[in-house]
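Below is one structure, written out as structure tokens; comments come after it.
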Amino acid sequence: MGAMYVFPRFDLPPKAIETARAKGQEPDVFYAFKLLESTGICLIPGSAFVQKPGTYHLRTTILPQKEKMKTMLEELKQFHIKFLKEYS
Numbered sequence: 001m002g003a004m005y006v007f008p009r010f011d012l013p014p015k016a017i018e019t020a021r022a023k024g025q026e027p028d029v030f031y032a033f034k035l036l037e038s039t040g041i042c043l044i045p046g047s048a049f050v051q052k053p054g055t056y057h058l059r060t061t062i063l064p065q066k067e068k069m070k071t072m073l074e075e076l077k078q079f080h081i082k083f084l085k086e087y088s
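Just so you know, we're using UniProt numbering here: the sequence shown kicks off at 1 and counts up by one.
Here it is as structure tokens:
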């Protein structure tokens, strides 16, 4: 059995990177935990896989039903906007 995934790259503000490192976390792990705590959405940080140093990715499956996927993406968008405001 297999699955279909996306592995998008995203940018993080320097303040978020500094905060993550001060807590002893990779920046994408910090972001993923904040996302999970805030929305219940669980994405896998790219640092769990091979990614180029200094880049940040998240992995998620793209197999949920279309409406569920739309809802999840809208919640992710709203979280990301809030996160950027907080850490910019």
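The C-beta atom is built at its ideal place from N, Cα and C for all residues, glycine as well. Small disclaimer: the values here were computed from a predicted structure and weren't measured.
query, result
"Could you check which residue in 41, 31, 21 has the C-alpha nearest to that of residue 75?", "41"
"Looking only at its own chain, which residues have a Cβ that is under 6 Å from the Cβ of residue 33, when we skip the five neighbours before and after it?", "none"
"What does residue 141 pair with, by DSSP beta-bridge criteria?", "Since the first residue shown for the chain is 1 and the last is 88, residue 141 is missing from the structure and cannot be characterised."
"Can you tell me the Cα-Cα spacing of residue 68 and residue 52, whole angstroms?", "31 Å"
"In chain order, which continuous runs of the beta strand (DSSP E) of length 3 or greater are located wholly inside the stretch 29 to 74?", "56 to 61"
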